[in-house]
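Number of protein chains: 2
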Amino acid sequence: MSHLGYGCLMTVDREQVLRSAATLLSRRATATMDEVAKAAGIGRATLHRHFAGRDALVRALEELGLREFEAAVESARLHEGDPADALRRLVTASTPATGLLGFLISENQLFEGEHVNEGWDRLDARIAALFRRGQEEGGFRVDLSASWLAEALYGLISAGAWSVHSGRLAANDYQYMTTELLLGGCTRRSVKE
Amino acid sequence: MSHLGYGCLMTVDREQVLRSAATLLSRRATATMDEVAKAAGIGRATLHRHFAGRDALVRALEELGLREFEAAVESARLHEGDPADALRRLVTASTPATGLLGFLISENQLFEGEHVNEGWDRLDARIAALFRRGQEEGGFRVDLSASWLAEALYGLISAGAWSVHSGRLAANDYQYMTTELLLGGCTRRSVKE
DNA sequence: CCCAAATGAGACATGAATGTCTCACCACTG
DNA sequence: CAGTGGTGAGACATTCATGTCTCATTTGGG
């Protein structure tokens, strides 16, 4: 039973499989189960033993990504201290999940009519609230809507994840490049022009 | 012969089909040809008459998106005047193509090993050159690499396209939100802190 | 050393999407 | 008022990914 995850010697690392799957699927969503398996370095049969099917795989991806991002949001304590610092903490804490997030962000219509993960909406609201707080406390510009800033954050995370994976951006630079660009864009200028 | 495109009364608007296909596929890349057809408001048979198959459809998408983006880059005259203004012109000129770009940006591994569109690389280089020029002329910060700024631009275009399509961002605000965030992030501060 | 558990490779059946075709219908043309 | 060209709907065969299974092999534990 590798059911609850870690441990269980000799068994496939479920999370590792999901991470490589996310990386592959985020840039070629039509990839075959066989390709997903190969990308994870396992056999297709084994992949099927862990995930009943493609749907189950994608749902597991959603779940893990959401769980990790939620943990990141939690640990970043968005409501405390300087909003800019809170944003930095968020980017730092979510760094390990960028691969999964890249997938969830770009493919966000995974299951047709389905009530788009309420969990995601909740996190989205908390992040937008951070930007709103920054605006109210005077540090962030108010001419860029909080919800747009949240969307921009997702876009930059996604772009950063891909840049790192494709070798155009050093992994060590990811956090700085992302936070600086976003903060630079949403911080109010001390002086006009 | 609707071969060369526009005109031809009574015939399906090829570009319109491609645009709606891009919008759909960018958020659910596994969508069926039938769904693509319905999204475009035409029958599956008609879709097949215009595009030999799924591959042909995607390639046509690539082609049109690249062509439109190239035209935008061209008309923006990136090497002239203030780099910030050039960037504004680019965002403005590329606005009609955001739907297509959103697809091409997120799904950029469309055909396995294939030489990633050299056309795209060329445009990418020109855009990175714009940011580099901005850095050399002193207007843009140099601690964010030009290639990262280019990637960030793509990410923001993609995020903006989706925000507009999903109703979270007014179409009229798209250009302002995108350019202001990016320019705010890459412009050097007149005063420290 | 032997057993249990998990894996990889492959064969196989199934099903869904694909691609092709026919036919009736409508719009515009001459 | 035919005639032409494009279309939608549906039937159909086919392909290919999927999902299930078996079996040999490897790995780690008792």
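Those protein sequence lines, which keep their order, are chains G and F.
Numbered per UniProt numbering, the first sequence spans residues 1 to 193.
Numbered per UniProt numbering, the second sequence spans residues 1 to 193.
Built from N, CA and C at the ideal position, the CB exists for glycine as well.
Here the structure is a predicted model, which means the values were calculated and not measured.
In the DSSP annotation of this structure, the continuous segment of the alpha helix (DSSP H) that includes P83 of chain F starts and ends at 83-94. Around the CB of A76 of chain F, 16 or more other CB atoms lie within 10 Å, so the residue is classed as buried. Between the alpha carbons of A60 of chain F and L18 of chain F lies a gap of roughly 8 Å. Exclusion of the five residues before and after M33 of chain G leaves R44, L47, R54 as the residues of its chain whose Cβ lies within less than 7 Å of its Cβ. Measuring C-alpha to C-alpha distances from S20 of chain F to each of F:S158, F:A150, F:L100 identifies F:L100 as the nearest.
In the three-state DSSP reduction, F140 of chain G falls in the strand class (E or B).
In the structure shown, T98 of chain G adopts helical secondary structure according to DSSP, grouped into three states. Contact between the region 25-41 of chain F and the region 101-110 of chain G is present: three or more C-beta pairs spanning the two stretches fall below 8 Å. Secondary structure at T23 of chain G: helix, using DSSP grouped into helix, strand and coil. For R168 of chain F, at least one C-beta of chain G is nearer than 8 Å to its own C-beta. The beta-carbon separation of Y154 of chain F and A159 of chain G, rounded to 6 Å, stays under the 8 Å limit for a contact.
Along the region 138-156 of chain F, going in chain order, the ones with a CB nearer than 8 Å to a CB of chain G are R141, D143, L144, S145, S147, W148, L149, E151, A152, Y154, G155, L156. T98 of chain G is not a Cβ neighbour of G139 of chain G, given a cutoff of 8 Å.
Judged by beta-carbon spacing, E137 of chain F lies within the 8 Å limit of P83 of chain F, meaning their Cβ atoms are closer than that value. Only residues of its own chain outside the window of five on either side were considered, and among them V91, S94, T98, L101, G102, I105, T178 have a CB closer than 8 Å to the CB of I157 of chain F, listed in chain order. By the beta-carbon neighbour count (other beta carbons within 10 angstroms, threshold 16), F69 of chain F is buried. For A71 of chain F, the enclosing alpha helix (DSSP H) starts and ends at 54-76. Separation of the CB atoms of E180 of chain G and L144 of chain F is rounded to 6 Å, and the pair is thereby assigned contact status at 8 Å.
Per DSSP, G41 of chain G lies in no alpha helix (DSSP H) and is assigned neither H nor E. For S163 of chain G, the enclosing alpha helix (DSSP H) stretches over residues 146-165. Around R27 of chain F, the beta-carbon contacts reaching into chain G at under 7 Å are E107, N108, Q109. Within chain F, the residues W148, E151 have their CB atoms less than 7 Å from the CB of S163 of chain G, given in chain order. DSSP links T187 of chain G through a beta bridge to G:F140. Neighbours of T95 of chain F in chain G, taken as residues at a C-beta separation under 8 Å, are lacking, since the least C-beta distance is about 16 Å. Annotated three-state conformation of F111 of chain G is coil, per DSSP. For G119 of chain F, no Cβ of chain G is located within less than 8 Å of the residue's own Cβ. Pairing L182 of chain F with Q135 of chain F, the inter-Cα distance amounts to about 14 Å. Rounded to whole angstroms, the separation of the alpha carbons of A170 of chain G and W162 of chain G is 11 Å.
Scanning its chain for C-beta atoms nearer than 7 Å, with the 5 sequence neighbours on each side dropped, one finds around L64 of chain F the residues E15, L18, L100, in chain order. In this structure, DSSP gives F103 of chain G a helical state, which the three-state scheme calls helix. Contact annotation, R168 of chain G with S147 of chain F: C-beta distance approximately 6 Å; criterion of less than 8 Å satisfied. Each of F:L87, F:R89, F:P96 was checked against the Cα of V164 of chain F, and the nearest Cα belongs to F:P96. Proximity of chain G to L66 of chain F at the Cβ level (cut-off 9 Å) is not reached, the minimal Cβ distance being about 17 Å. Look at L90 of chain G: its C-beta is not under 8 Å from any C-beta on chain F.
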